[in-house]
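Shown next, in structure tokens, is the structure this report addresses.
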Amino acid sequence: MDIKEINELDIQSERKHWWIRTRFQYIEKLFNFFNRGNLNVAEYGCGSGQNLWYLKTQSPSIGKVKSAVGIDPNLPAEFKGDWCDENFRLSSNLNECSEEKADVLLAMDVLEHVDNDEEVLKQWVSTMKPDGSILITVPAFQSLWSYHDEFLEHRKRYTRKELLEVAKKAGLEPVYLKYAFGYLFPVVFIVRKFSKGSKDQQDLKLPNPVINLIMILLGKIEKILGGNPFFGTSVIGIFKFEKSK
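For the sequence shown, the numbering used here begins at 1116 and goes up steadily by one.
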């Protein structure tokens, strides 16, 4: 969850939200590409730390992880998850992860917040070990731009091709690159184009439990089927970094 949304949805409720739960599935997909353990993980733009909370307390991949740090310059000084310890930490220090330290990077809905995405991604990649991997998620299609993007101070939305171009300039090669939430695309397009939302409001609200469960199941089915190559509301990319000799 973006730090701006903390006052809109409490942390416990957020963990139940179908959108957050679906994103957790792609963290698992990333770790499925690793057949080794003792991995150091860093997450840029960790927000309220939900992805690392999931990784530590819920993920079947936790046995592969040695340490994890969530980095977000907007973290309040007093903010700390009750799951944090010496190996799972949150930090507001952008230099927390040193060069060539991380085996795994997470950058989930972060790149769209920066003005120079190419340079920022190159900086993140510089903290990866050779043969490391990164999971990048970004909002899809500029045609879906709305009050929600303005509320979260997004700079742009991406297509698969656009994310691939930025990733390649940072020395990354795609392992998986698809759209997610394709089943929502028509509804989101209509709602965001014709609703009377304002830049002072956002969309992250916990729906009716039955609807929430249905949305979680749809997300699982979409992922099992290999993602959507044509459209969706997010782009999901898993990339490999092989440092040139």
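Think of the CB as a built atom: it goes at the ideal place given N, C-alpha and C, for glycine as much as any other residue.
Note that the coordinates shown come from a computational prediction; the quantities given were computed from them, not determined experimentally.
Could you compute how far the alpha carbon of residue 1333 sits from the alpha carbon of residue 1255?
If you number the sequence shown from 1, residue 1333 lands on position 218. If you number the sequence shown from 1, residue 1255 lands on position 140. Distance between the alpha carbons of residue 1333 and residue 1255 is about 18 Å.
What do you reckon, are the CB atoms on residue 1239 and residue 1198 nearer than 7 Å?
-> Position 124 of the sequence shown, counting from 1, holds the residue named residue 1239. Position 83 of the sequence shown, counting from 1, holds the residue named residue 1198. Cβ atoms of residue 1239 and residue 1198: not closer than 7 Å.
**Asked** Cβ of residue 1281 within 7 Å of Cβ of residue 1220?
**Response** Mapped onto the sequence shown, residue 1281 falls at position 166. Mapped onto the sequence shown, residue 1220 falls at position 105. Their beta carbons are not under 7 Å apart, which means residue 1281 does not touch residue 1220 by this criterion.
- Query: Any idea what DSSP makes of residue 1354, helix, strand or coil?
  - Reply: Locating residue 1354 in the sequence shown gives position 239, counting from the first residue. Reduced to three states, the DSSP call for residue 1354 is strand.
What are the boundary residues of the alpha helix (DSSP H) that includes residue 1282? As a working note, residue 1282 is residue 167 in the sequence shown. Here the alpha helix (DSSP H) through residue 1282 covers 1275-1284.
Q | Local Cβ density within 10 Å of residue 1178, reported as buried at 16 or more and exposed below that | A | Within the sequence shown, numbered from 1, the residue matching residue 1178 stands at position 63. Looking at its Cβ environment, which holds fewer than 16 other Cβ atoms inside 10 Å, residue 1178 is exposed.
Closer than 6 Å by C-beta to residue 1211: which residues in its own chain qualify, once you throw out the five before and the five after it? Chain order, please. Counted from its first residue, the sequence shown places residue 1211 at position 96. For residue 1211, where only same-chain residues beyond five positions count, the Cβ hits under 6 Å are 1184, 1186.
Item checked: Nearest-angstrom Cα separation, counted from residue 1217 out to residue 1360 -> Working through the sequence shown from its first residue, we reach residue 1360 at position 245. Working through the sequence shown from its first residue, we reach residue 1217 at position 102. With a pLDDT of 48 at residue 1360, under the threshold of 50, the modelled position of this residue cannot be trusted, and the question is left open.
**Prompt:** Cβ of residue 1339 within 7 Å of Cβ of residue 1250?
**Reply:** For the purposes of this step, residue 1339 is identified with residue 224 of the sequence shown, where counting begins at 1. For the purposes of this step, residue 1250 is identified with residue 135 of the sequence shown, where counting begins at 1. Not closer than 7 Å, so no.
- [ ] Classify residue 1127 as buried or exposed, calling it buried when 16 or more other Cβ atoms lie within 10 Å of its own Cβ.
- [x] Translated into the one-based positions of the sequence shown, residue 1127 becomes position 12. With fewer than 16 other Cβ atoms within 10 Å, it is exposed.
Problem - Simplified DSSP state of residue 1204, which is helix, strand or coil - result: Sequence index remark: in the sequence shown, residue 1204 carries index 89 (1-based). Residue 1204 falls in the strand class under three-state DSSP.
Note down the Cα distance separating residue 1294 from residue 1347, rounded to an integer number of angstroms.
Along the sequence shown, read from residue 1 onward, the residue named residue 1294 stands at position 179. Along the sequence shown, read from residue 1 onward, the residue named residue 1347 stands at position 232. When rounded, the distance between both Cα atoms is 5 Å.
Run through DSSP, which three-state label would residue 1241 get? The residue you call residue 1241 lines up with position 126 of the sequence shown. Residue 1241: coil per DSSP, three-state reduction.
- Task: Return the CA-CA distance between residue 1261 and residue 1271, expressed in angstroms with no decimal places.
- Result: Along the sequence shown, one-based indexing puts residue 1261 at 146. Along the sequence shown, one-based indexing puts residue 1271 at 156. Straight-line Cα distance between these residues: approximately 11 Å.
| From which residue to which residue does the beta strand (DSSP E) around residue 1288 run? | Locating residue 1288 in the sequence shown gives position 173, where the first residue counts as 1. First-last of the beta strand (DSSP E) with residue 1288: 1287-1295.
Worksheet item: residue 1163 lies in the alpha helix (DSSP H); which residues open and close that run?
Response: Residue numbering aside, residue 1163 sits at position 48 when the sequence shown is read from its first letter. Element bounds for residue 1163: n/a, residue is neither H nor E.
Exercise. Can you tell me which of the three DSSP states residue 1360 falls into?
Key: As a working note, residue 1360 is residue 245 in the sequence shown. Because the pLDDT at residue 1360 is just 48, under 50, the model does not fix this residue reliably, and the point stays unresolved.
Run of the beta strand (DSSP E) containing residue 1155, from where it starts to where it stops: For this step, residue 1155 is matched to residue 40 along the sequence shown. Per DSSP, residue 1155 belongs to the beta strand (DSSP E) from 1154-1159.
message = Taking the straight line between their C-alpha atoms, what separation do you get for residue 1205 and residue 1129?
response = Along the sequence shown, read from residue 1 onward, the residue named residue 1205 stands at position 90. Along the sequence shown, read from residue 1 onward, the residue named residue 1129 stands at position 14. Their Cα atoms are separated by approximately 18 Å.
Inset, instruction - Use the C-beta contact count for residue 1148: other C-beta atoms within 10 angstroms, 16 or more gives buried, fewer gives exposed. - result: Residue mapping note: residue 1148 aligns to position 33 of the sequence shown, counting from 1. Label assigned to residue 1148: exposed.
Run through the DSSP bridge pairs and tell me what residue 1217 is partnered with.
For this step, residue 1217 is matched to residue 102 along the sequence shown. Residue 1217 pairs with 1243.
Exercise for the section: Please determine, among 1223, 1157, 1298, 1243, the residue with the shortest C-alpha to C-alpha distance to residue 1345. Expected result: Within the sequence shown, the letter at position 230 stands for residue 1345. Of the listed residues, the one whose Cα sits closest to residue 1345 is 1298.
request  = Below 8 Å CB to CB, which residues in the same chain sit around residue 1291 once its five sequence neighbours on both sides are set aside?
outcome  = If you number the sequence shown from 1, residue 1291 lands on position 176. Hits under 8 Å: 1144, 1342, 1351, 1352, 1353.
Straight-line CA distance for residue 1300 to residue 1156? As a working mapping, residue 1300 is identified with position 185 in the sequence shown. As a working mapping, residue 1156 is identified with position 41 in the sequence shown. Answer to the nearest angstrom: the Cα atoms are 32 Å apart.
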